[in-house]
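*Asks:* What the sequence shown shows, in this note's numbering, is residues 59 to 431, in sequence order.
Quick reminder that beta carbons are idealized off the backbone N, C-alpha and C, glycines included.
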Amino acid sequence: MRIDVRKHTALKLLIPLISVFVLTACEQASKPGAPGGKGGKRPPSSVVLGTVEERFLVDEIEVIGTLQAYESVTVSATVTDNVSTVNFSDGQFVEKDDILVTLTDDEQSAELAEARANLDDSLRRLNRLESIGKNLASESDIDLARSEVGANRGRLQAIEARLDDRIIRAPFSGVLGFREVSVGALVTPGSEITTLDDIKTLKLDFTVPEVYLAQVQPGNLVAGRTPAWPDREISGRVATLGSRVDPVTRAIAVRADIPNSDYQLRPGMLVNVTLYSDQYLGLVITESALVQVGNRSSVYVVDEENTAHQQSVTIIKRIPGHVVVGDGVKAGDRVVIDGTLNLRNGVKVKVIGDEHSSFSNSNVDGVESDGKS
59 MRIDVRKHTA
69 LKLLIPLISV
79 FVLTACEQAS
89 KPGAPGGKGG
99 KRPPSSVVLG
109 TVEERFLVDE
119 IEVIGTLQAY
129 ESVTVSATVT
139 DNVSTVNFSD
149 GQFVEKDDIL
159 VTLTDDEQSA
169 ELAEARANLD
179 DSLRRLNRLE
189 SIGKNLASES
199 DIDLARSEVG
209 ANRGRLQAIE
219 ARLDDRIIRA
229 PFSGVLGFRE
239 VSVGALVTPG
249 SEITTLDDIK
259 TLKLDFTVPE
269 VYLAQVQPGN
279 LVAGRTPAWP
289 DREISGRVAT
299 LGSRVDPVTR
309 AIAVRADIPN
319 SDYQLRPGML
329 VNVTLYSDQY
339 LGLVITESAL
349 VQVGNRSSVY
359 VVDEENTAHQ
369 QSVTIIKRIP
379 GHVVVGDGVK
389 AGDRVVIDGT
399 LNLRNGVKVK
409 VIGDEHSSFS
419 NSNVDGVESD
429 GKS
């Protein structure tokens with residue numbers, strides 16, 4: 059076998075050099091204070107801190123609801139006759155008792171004139187009898203005249219009522235729907251003339267599962283959005299709850315009042331509803347502060363000397379980006395929100411950032427500003 063003398067010689071020279079390098083590295087590692095060496099100290103971990111905040115919180119229940127008019131009616135005729143005048147247009151706003159339609163009333167007007175004449179005649183006869191006194195007029199004649207006056211007055215009132223049936227008025231203020239009749243059309247009792255809706259305030263109807271029944275009560279805040287105006291949030295308060303739970307769906311009907319002063323919302327619209335029920339104070343931390351090991355949750359609390367202490371916490375609920383905890387920390391505590399991976403209990407940390415919680419909940423703020431708890 060042929061041996062390469064040059065390679066053998068180079069290997070003999072390299073082995074001592076490697077030995078010297080290894081010995082030097084070992085000496086440096088064994089010096090006190092050297093990182094990772096005997097008696098060395100681990101450098102502080104760099105962390106970002108957040109603050110435990112006590113915030114006013116509200117439990118949310120998300121459901122689907124439908125808007126209803128506060129008052130709604132189909133305006134129809136009560137007698138059979140022809141339309142004489144139409145005094146409204148489609149979609150018009152009307153006040154209570156505004157005249158919408160009048161029907162032909164020639165016959166009733168003539169009967170009214172006759173009834174008034176008869177009443178006037180009977181009143182004059184009664185006055186004559188009463189003026190001449192009981193000496194010239196018998197008591198029976200006076201009683202008969204009084205009865206005739208009463209009968210004529212009753213007939214007059216009946217005719218006035220029939221005439222009033224031929225004047226169709228708005229029963230309340232609101233917005234009219236489409237006009238369904240024209241001048242000259244023959245209408246009968248029940249014939250639809252138009253619809254009338256009071257939409258200045260709307261009713262929002264929805265159902266809530268019975269498991270939430272204890273959390274829902276009149277006065278609870280509701281908010282929602284409609285597909286027609288996705289950027290507009292509507293709000294109101296629960297007005298009443300249904301009297302019974304549906305045995306099939308196991309849900310209870312809830313009705314809320316929604317202000318609609320600009321008349322943009324319409325009955326029948328679909329609403330994605332958020333119902334705010336229980337209101338309470340809670341401790342909120344950033345979700346990234348949690349250290350989860352199995353079923354155990356904990357956080358690292360940093361004291362004034364920048365020492366991290368691991369504290370077990372109980373999770374009450376999760377909010378997007380944040381967690382509500384029940385114990386283990388208190389309001390104002392500084393907790394590690396970035397850099398927990400390499401932390402151990404009782405180690406020093408280097409704070410490279412201290413962020414206040416960016417927790418923001420529009421519905422919570424809305425309840426706070428409303429001043430009700």
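According to the neighbour-count rule (16 or more other Cβ atoms, all chains shown, within 10 Å of its Cβ), is D412 buried or exposed?
*Replies:* exposed
*Asks:* Is D222 helix, strand or coil when you go by DSSP?
*Replies:* helix
*Asks:* Whole-angstrom Cβ separation of V280 and V296, contact assumed at under 8 Å?
*Replies:* 6 Å
*Asks:* If we ignore side chains and look at the alpha-carbon of each, how far apart do I395 and A366 end up?
*Replies:* 12 Å
*Asks:* For the putative contact between S231 and D256, defined by C-beta atoms under 8 Å, what is the C-beta separation to the nearest angstrom?
*Replies:* About 6 Å separates the beta carbons of S231 and D256, which is inside the 8 Å limit, making them a contact pair.
*Asks:* Using the Cα positions of T332 and D315, report the straight-line distance between them to the nearest angstrom.
*Replies:* 14 Å
*Asks:* Report buried or exposed for V359, applying the criterion of at least 16 other Cβ atoms within 10 angstroms of its Cβ.
*Replies:* buried
*Asks:* If the criterion is Cβ atoms closer than 7 Å, does the pair V383 and V371 meet it?
*Replies:* yes
*Asks:* Which one or two residues does DSSP pair with T365 in a beta bridge?
*Replies:* K406
*Asks:* Is the beta carbon of T253 less than 7 Å from the beta carbon of T132?
*Replies:* yes
*Asks:* Using the Cα positions of R204 and D163, report the straight-line distance between them to the nearest angstrom.
*Replies:* 30 Å
*Asks:* If you check the beta carbons only, do V239 and I225 fall under 7 Å apart?
*Replies:* No, the pair does not count as a contact, with Cβ atoms beyond the cut-off.
*Asks:* Leaving out five residues before and five after N140 in sequence, what residues of the same chain have Cβ atoms less than 8 Å from its Cβ?
*Replies:* L161, T162, G242, A243, L244, V245
*Asks:* Which residue marks the beginning of the alpha helix (DSSP H) containing D396, and which one marks its end?
*Replies:* Where D396 is concerned, there is no enclosing alpha helix (DSSP H), although the beta strand (DSSP E) it sits in stretches over 392-396.
*Asks:* Per DSSP, K261 forms a beta bridge with which residues?
*Replies:* Q126, D315
*Asks:* Check the C-beta distance from T143 over to P247 and give it rounded, since I have them as a contact under 8 Å.
*Replies:* The pair is not a contact, with the Cβ atoms about 19 Å apart (cut-off 8 Å).
*Asks:* Check this for me: beta carbons of V121 and Q337, under 7 Å apart or not?
*Replies:* For V121 and Q337, no; Cβs fall outside 7 Å.
*Asks:* Reducing DSSP to helix, strand and coil, say where L170 ends up.
*Replies:* helix
*Asks:* Assuming A347 contacts V393 (C-beta within less than 8 Å), just tell me the rounded distance between them.
*Replies:* 5 Å
*Asks:* Is A309 helix, strand or coil by DSSP?
*Replies:* strand
*Asks:* Which same chain residues end up closer than 7 Å to N364 when comparing Cβ atoms and leaving out the 5 residues on each side of it in sequence?
*Replies:* K406, V407, V409
*Asks:* Using 8 Å as the threshold, is the region 284-300 in touch with the region 147-154, meaning 3 or more CB pairs across them?
*Replies:* no
*Asks:* Is DSSP giving F236 helix, strand or coil here?
*Replies:* coil
*Asks:* Note down, in chain order, each residue of its chain lying with its Cβ closer than 6 Å to the Cβ of V349, except the 5 sequence neighbours on either side.
*Replies:* S356, T398
*Asks:* With distances taken from CA atoms, which of G212, D199, N185, R183 is nearest A173?
*Replies:* Of G212, D199, N185, R183, the residue nearest in Cα terms is G212.
*Asks:* Tell me whether L399 sits in a helix, a strand or coil according to DSSP, three-state version.
*Replies:* Coil.
*Asks:* Between the C-alpha atoms of D178 and D223, what's the straight-line distance to the nearest angstrom?
*Replies:* The alpha-carbon atoms of D178 and D223 are separated by roughly 24 Å.
*Asks:* Near L187, what residues of its chain come up, given a Cβ to Cβ distance below 7 Å and the 5 sequence neighbours on each side ignored?
*Replies:* A195, D199, I200, A203
*Asks:* In three-state DSSP terms, what is V334?
*Replies:* Contrary to the premise, residue 334 reads as Tyr rather than Val in this sequence. Looking at Y334 - three-state DSSP - the assignment turns out to be strand.
*Asks:* When the cut-off is 7 Å and only beta carbons count, does E153 lie next to chain C?
*Replies:* The structure shown contains no chain C; it holds only a single protein chain.
*Asks:* So the beta strand (DSSP E) A389 belongs to, where does it begin and stop?
*Replies:* Run containing A389: none; DSSP gives neither H nor E here.
*Asks:* Starting from the C-beta of N330, find all residues in its chain whose C-beta is less than 6 Å away, skip the five residues before and the five after it, and write them out in chain order.
*Replies:* G282, R283
*Asks:* Who are E250's beta bridge partners in DSSP?
*Replies:* In the DSSP output, where bridge partners are listed per residue, E250 has S134.
*Asks:* Rounded to whole angstroms, what's the CA-CA distance from F236 to Q150? Just pull it up for me.
*Replies:* Approximately 9 Å between the Cα atoms of the pair.
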